[in-house]
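Laid out in structure tokens, this is it:
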């Protein structure tokens with residue numbers, strides 16, 4: 029690009045370059061340390077201290093200790109039905125339900141649950157809130173999880189622990205976020221299109237380009253509202269209030285919510301299209317050639333240059349603003365110390381920067397005077413720029429995180445694939461097969 033394009037009123041336009049990889053890596057290391065510190069935290073047994081002194085409950089506990097879980101479930105339910113006002117009645121029904129569910133006896137479990145909700149839930153609202161949320165682990169699909177989160181927020185969140193409200197908001201946001209995109213790739217609402225170019229441009233005649241997809245705006249707005257609610261509640265929450273065995277889930281929920289906010293900014297960066305058909309080359313000598321045809325060509329070149337400078341300046345300002353916002357939200361994810369979220373956003377930011385890089389390389393015409401051997405120099409001239417280096421740093425960081433944590437998904441596998449594409453000469457590239465299942 030001509031230097032003049034980046035000049036406005038005598039000043040250079042700012043040249044924003046991303047620099048998130050190092051802070052992202054530090055956030056991941058902090059997440060690993062917290063995971064290790066919290067690994068031994070488990071919920072204590074909630075059996076009432078008085079249970080063994082009550083014959084019916086004592087017998088149920090003995091049955092459970094000898095793996096007679098069906099007998100234990102019957103005894104617990106029978107006690108609660110016979111003594112609905114006993115302090116232990118709510119616990120007895122909750123434990124009976126858990127035994128029936130573990131045994132796969134769903135009809136009995138539903139009966140016990142109905143008894144609990146009709147006789148005990150209002151008497152112990154906090155325990156009922158915890159019990160309701162725990163049952164969400166049994167749900168298999170997004171529709172059920174979304175309805176479960178909505179019910180929790182509407183019926184139980186006011187009585188349950190504050191961290192569970194955050195987790196429910198984040199869970200509902202995630203379901204709506206997934207629904208807002210008909211077909212995702214790399215964890216983003218994008219696709220990859222093979223484009224054939226008929227002009228002299230960098231790269232082969234056919235290239236794969238990242239193409240943004242539009243999300244459903246209503247679902248997107250609802251998802252971001254719930255994600256923002258989770259993050260606001262997280263800012264007001266004192267971690268000391270959170271049970272140690274639930275802190276990992278809280279960090280995951282906040283990381284998930286922050287990732288959706290970051291991804292919205294990242295997808296806006298991806299959606300910014302590099303202006304097509306730019307041309308800055310002007311043959312000044314034609315202006316004074318005295319040949320009418322050449323002077324007409326000169327005027328057309330000037331018009332094209334002025335149009336190109338105008339379009340590029342507008343693009344550059346929008347790019348700077350969107351890049352700054354995307355990086356800010358990406359770094360915010362790292363601050364929540366959730367390893368899976370940090371790995372995901374590292375890949376997503378790398379995809380956005382790769383798209384920017386590819387747009388600039390593959391969508392700009394090679395100047396006519398460089399149409400011989402020179403295009404190789406012209407096209408490779410920016411490959412050592414900070415943008416390219418940041419993509420490599422993000423991808424290699426993502427691959428390192430996957431290896432360190434053992435967390436591997438098809439989405440994370442794209443980090444390894446990207447390294448092979450962006451730096452095929454890497455001396456010792458990490459292989460996905462070493463960090464995840466084959467096939």
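Numbering (my numbering), first residue to last: 29 to 467.
From the three backbone atoms N, C-alpha and C, an ideal C-beta is built for every residue, glycine too.
Ordered list of alpha helix (DSSP H) runs contained in the stretch 145–203, each at least 4 residues: 153–162 and 170–179
Test item: CB-CB of residue 372 and residue 215 under 8 Å: yes
Cβ pair residue 278, residue 194 closer than 8 Å: yes
Touch test, the stretch 314–325 against the stretch 278–294, Cβ-Cβ under 8 Å, three pairs minimum: no
Three-state secondary structure assigned by DSSP to residue 48: Note: residue 48 maps to coil in three-state DSSP.
N-terminal and C-terminal residue of the alpha helix (DSSP H) that residue 257 is part of: 245–264
Among 320, 61 and 180, nearest to residue 366 - alpha-carbon criterion: 61
Beta-carbon gap between residue 360 and residue 261 smaller than 8 Å: Pairing residue 360 with residue 261 gives a Cβ-Cβ distance that is not under 8 Å.
Where residue 412 falls: helix, strand or coil (DSSP): With a pLDDT of 48 at residue 412, under the threshold of 50, the predicted position of this residue should be treated as unreliable, though the coordinate-derived value follows. Coil, per DSSP.
Cβ neighbour criterion (16 or more within 10 Å) applied to residue 223: exposed
Three or more C-beta pairs below 8 Å linking the stretch 238–258 and the stretch 153–161: Contact check between the stretch 238–258 and the stretch 153–161: fewer than three CB pairs, one atom from each, fall below 8 Å, which does not count as touching.
Inter-residue Cα distance where the pair is residue 430 and residue 122: 38 Å
Helix, strand or coil at residue 300 according to DSSP, with G and I counted as helix: Secondary structure of residue 300 (DSSP, three-state): coil.
Candidates 248, 173, 434 and 78, of which the one nearest residue 205 by Cα: 248
Residue 354 beta carbon less than 8 Å from that of residue 340: no
Unbroken stretches of the beta strand (DSSP E), 3 residues or longer, contained in the stretch 337–376: none
Nearest candidate by alpha-carbon position, reference residue 120, set 155, 134 and 94: 155
Simplified DSSP assignment, three categories, for residue 135: Under the three-state reduction of DSSP output, residue 135 falls in the helix class.
Residues that DSSP places opposite residue 440 in a beta bridge: Its beta-bridge partners do not exist; DSSP assigns none.
Reduced DSSP category for residue 30 - H, G, I as helix; E, B as strand; rest coil: Residue placement at residue 30 cannot be trusted, given a pLDDT of 42 that sits under 50; the coordinates are not used to answer.
Simplified DSSP state of residue 240, which is helix, strand or coil: strand
Neighbourhood of residue 207 by C-beta, 6 Å cutoff - its chain only, sequence neighbours within 5 removed: 247
Cβ neighbour criterion (16 or more within 10 Å) applied to residue 449: exposed
Cβ neighbours of residue 72 in the same chain (closer than 6 Å, five flanking residues each side left out): Beyond the five residues adjoining it in sequence on each side, residue 72 comes within less than 6 Å, by CB distance, of no other residue in the same chain.
Limits of the alpha helix (DSSP H) - the one that residue 219 falls within: Where residue 219 is concerned, there is no enclosing alpha helix (DSSP H), although the beta strand (DSSP E) it sits in stretches over 218–224.
N- and C-terminal bounds of the alpha helix (DSSP H) containing residue 82: Careful: residue 82 lies outside any alpha helix (DSSP H) and carries neither H nor E.
Exposure label - residue 83; buried when at least 16 CB within 10 Å: exposed
C-alpha distance - residue 64 paired with residue 54, whole-angstrom precision: For residue 64 and residue 54, the distance between alpha carbons rounds to 16 Å.
Close-in-space but distant-in-sequence residues of the same chain around residue 346 (CB under 8 Å, 5 per side omitted): Spatial neighbours of residue 346 in its own chain (CB-CB distance under 8 Å, excluding positions within 5 residues in sequence) are listed in chain order as 300.
Selection from 221, 202, 210 and 269 that minimises the alpha carbon distance to residue 258: 202
Outcome for residue 446 when other beta-carbon atoms lying within 10 angstroms are tallied against a minimum of 16: buried
Chain-order list of residues whose beta-carbon lies under 8 Å from that of residue 185 (same chain, five-residue window excluded): 157, 192, 193 and 196
Rounded C-alpha distance that separates residue 217 from residue 331: The C-alpha of residue 331 is placed about 37 Å away from the C-alpha of residue 217.
Minimum C-alpha distance to residue 47 - residue among 134, 386 and 381: 381
Exposed unless 16 or more other CB atoms sit within 10 angstroms - verdict on residue 88: buried
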